[in-house]
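Enquirer: Numbering (the UniProt record's numbering), first residue to last: 1 to 264. This structure is in structure tokens; I'll ask about it shortly.
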Amino acid sequence: MMDTVDISPTRMMLLYGIAVLPWLLLWSAGLHLARELWLSIVRMSVQLALVGIYLKYLFAINAPALNVLWIVVMLVVADFTILRRAGLRIRHFFLSTLAAIVAGTAFSVAYLLLLVIRPEPIYDARYLVPLAGMILGNCLQGNVIGLERFYSAIRKNENEYLTYLLLGATRREAVRPYFREALKASVNPTLASMATLGLVSLPGMMTGQILGGSEPWVAVKYQIAIMLCIFASMSLAAVLNLSLSLRFAFDEFDVLREAVFRRH
Numbered sequence: 001m002m003d004t005v006d007i008s009p010t011r012m013m014l015l016y017g018i019a020v021l022p023w024l025l026l027w028s029a030g031l032h033l034a035r036e037l038w039l040s041i042v043r044m045s046v047q048l049a050l051v052g053i054y055l056k057y058l059f060a061i062n063a064p065a066l067n068v069l070w071i072v073v074m075l076v077v078a079d080f081t082i083l084r085r086a087g088l089r090i091r092h093f094f095l096s097t098l099a100a101i102v103a104g105t106a107f108s109v110a111y112l113l114l115l116v117i118r119p120e121p122i123y124d125a126r127y128l129v130p131l132a133g134m135i136l137g138n139c140l141q142g143n144v145i146g147l148e149r150f151y152s153a154i155r156k157n158e159n160e161y162l163t164y165l166l167l168g169a170t171r172r173e174a175v176r177p178y179f180r181e182a183l184k185a186s187v188n189p190t191l192a193s194m195a196t197l198g199l200v201s202l203p204g205m206m207t208g209q210i211l212g213g214s215e216p217w218v219a220v221k222y223q224i225a226i227m228l229c230i231f232a233s234m235s236l237a238a239v240l241n242l243s244l245s246l247r248f249a250f251d252e253f254d255v256l257r258e259a260v261f262r263r264h
């Protein structure tokens, strides 16, 4: 196995210099995003540094309870992030969104570890934590798109939706056109990514494994496994999230509550 070339502190400082180019491009276009750009870079660096320190000890201890606890933290953070980015109030959808992403992530991670990879022990942090993180990260993106598209469409086409109800449709029947479009929007980016992997780009997991010294064919098999599980997880979580959220988004007359939307 090849040794991975480490990046020295001096070269890391040099690396941050590449952010000057997009900053200049944004500035020249009249976008005053310097504060957001540099704040995002600082937050990313600090968060990843802390995660790196934590994972070092997590992998060394490799205790089931700690591994699961870390995944629970990721799930809760993902829940808050999904609802904030979708423009929805957390207090209305926290439980429904959490249930959906837990189900989607747990299903794919369990399938991958129990039936495909089968590490020893099965809760090995080197497999459990990174795989759960990759699956959940993509699940997050799909759910943001799905929820935002779904409720924005109902809000925008409220008269059309109410007409369906007046014609005798149930709530689920009335929202079905918006449900289909939202679900399609949530899975489309992953479908496009799957269709072009290897031709347009080398995905992060595969690249990381190759840089870490794994054989390319082993990295390919892992990448296929993770992409299939990501798509399964995202699809399951999106369907559950949209379905479960209906209970909290409408009043007793099946009218969409304006209070579910965040005020900007």
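Here a beta-carbon is modelled for each residue, glycine too, at the ideal position from N, C-alpha and C. In this text, all values refer to a predicted model and were calculated from it rather than measured experimentally.
(1) Determine the DSSP secondary structure at phenylalanine 179, reduced to helix, strand or coil.
(2) Assuming phenylalanine 117 is part of the alpha helix (DSSP H), what are its boundary residues?
(3) Tell me, to the nearest whole angstrom, how far the beta carbon of alanine 237 is from that of valine 116; I am working on the premise that it is less than 8 Å.
(4) Just checking my contact of glycine 87 with cysteine 139 at CB under 8 Å: how many whole Å lie between their CB atoms?
(5) Can you tell which of Gly30, Leu58, Trp27, Ile90 has its C-alpha closest to the C-alpha of arginine 263?
(6) Measure from the alpha carbon of alanine 78 to the alpha carbon of each residue in Ser96, Pro64, Ala249, then state which is nearest.
(7) Under DSSP, the alpha helix (DSSP H) around valine 200 begins and ends at which residues?
(8) Give the DSSP-derived three-state secondary structure of leucine 211 in the structure shown.
(9) Taking buried to mean at least 16 other C-beta atoms within 10 Å of its own C-beta, is alanine 132 buried or exposed?
(10) With DSSP run on the structure shown, which of helix, strand or coil describes leucine 256?
(11) Report yes if the CB atom of glycine 142 is closer than 7 Å to the CB atom of serine 108, and no otherwise.
(12) Between leucine 256 and arginine 149, which are expected to be in contact by the criterion C-beta below 8 Å, what is the C-beta distance as a whole number of angstroms?
(13) Can you give the Cα-Cα distance for asparagine 125 and glutamate 36, rounded to whole angstroms?
(14) According to DSSP, is leucine 88 part of a helix, a strand, or is it coil?
(15) With a cut-off of 8 Å, do at least 3 Cβ pairs link the stretch 227 to 235 to the stretch 181 to 197?
(16) Can you give me the Cβ contacts of asparagine 7 inside the same chain, cut-off strictly under 8 Å, excluding the 5 residues immediately before and after it?
(17) Can the beta-carbon of threonine 190 be found closer than 7 Å to that of phenylalanine 231?
(18) Check whether the Cβ of proline 189 lies closer than 6 Å to any heavy atom of the ligand MN, and answer yes or no.
(19) Please classify tryptophan 70: is it buried, with 16 or more other beta-carbons within 10 angstroms of its beta-carbon, or exposed?
(20) For glutamate 129 versus isoleucine 82, is the C-beta distance shorter than 7 Å?
(21) Whole angstroms is fine: what's the gap from phenylalanine 59's alpha carbon to proline 121's?
(22) Can you tell which of Ser28, Trp38, Ala29 has the C-alpha that lies nearest to the C-alpha of isoleucine 18?
(23) Taking all protein chains shown into account, do 16 or more other C-beta atoms lie within 10 angstroms of the C-beta of glycine 146, making it buried, or fewer, making it exposed?
(24) Can you have a look at phenylalanine 80 and say buried or exposed, based on whether 16 or more other CB atoms are within 10 angstroms of its CB?
(25) With a threshold of 6 Å on Cβ separation, who are the neighbours of arginine 85 within its own chain once the five nearest residues in sequence on each side are excluded?
(26) Excluding the 5 residues preceding and the 5 following leucine 26 in the sequence, name in chain order all residues of the same chain whose CB lies nearer than 6 Å to its CB.
Expert: With the given structure in hand:
(1) In the structure shown, phenylalanine 179 sits in a helix (DSSP, three-state: H, G or I).
(2) Reading the sequence as shown, one finds isoleucine at residue 117 and not phenylalanine. Per DSSP, isoleucine 117 is not a residue of any alpha helix (DSSP H), being assigned neither H nor E.
(3) Contact between alanine 237 and valine 116 does not hold, since the beta-carbon distance rounds to 20 Å and is not under 8 Å.
(4) The pair is not a contact, with the Cβ atoms about 19 Å apart (cut-off 8 Å).
(5) Nearest C-alpha to arginine 263: Ile90.
(6) Residue Ser96 is the option with its Cα nearest to alanine 78.
(7) Counting along the chain, no alpha helix (DSSP H) covers valine 200, and no H or E run does either.
(8) If DSSP states are grouped into helix, strand and coil, leucine 211 belongs with the helices.
(9) For alanine 132, the number of other beta carbons within 10 angstroms of its own is at least 16, and it is reported as buried.
(10) The answer is strand: DSSP assigns leucine 256 an E or B state.
(11) At least 7 Å separates the beta-carbon of glycine 142 from that of serine 108.
(12) In this structure leucine 256 is not in contact with arginine 149, their Cβ atoms being roughly 14 Å apart against a cut-off of 8 Å.
(13) It should be noted that the sequence gives alanine, not asparagine, for residue 125. Cα to Cα, alanine 125 sits roughly 34 Å from glutamate 36.
(14) Note: leucine 88 maps to strand in three-state DSSP.
(15) Yes, the stretch 227 to 235 touches the stretch 181 to 197.
(16) Note on identity: in this sequence residue 7 is isoleucine, with asparagine being the wrong assignment. Around isoleucine 7: Leu15.
(17) Their beta carbons are under 7 Å apart, which means threonine 190 touches phenylalanine 231 by this criterion.
(18) Looking for the ligand MN in the displayed structure turns up nothing, as the structure carries no ligands at all.
(19) The residue is buried, with at least 16 neighbouring Cβ atoms inside 10 Å.
(20) This sequence places valine at residue 129; glutamate is not what is there. With contacts defined by Cβ atoms closer than 7 Å, valine 129 and isoleucine 82 do not form a contacting pair.
(21) Cα-Cα distance, rounded: 12 Å.
(22) Out of Ser28, Trp38, Ala29, Trp38 has the C-alpha closest to the C-alpha of isoleucine 18.
(23) By the 10 Å Cβ count, glycine 146 comes out buried.
(24) With fewer than 16 Cβ atoms within 10 Å of its Cβ, phenylalanine 80 is classed as exposed.
(25) Closer than 6 Å at Cβ, skipping near neighbours: Val144.
(26) So the qualifying residues of the chain are Leu33.
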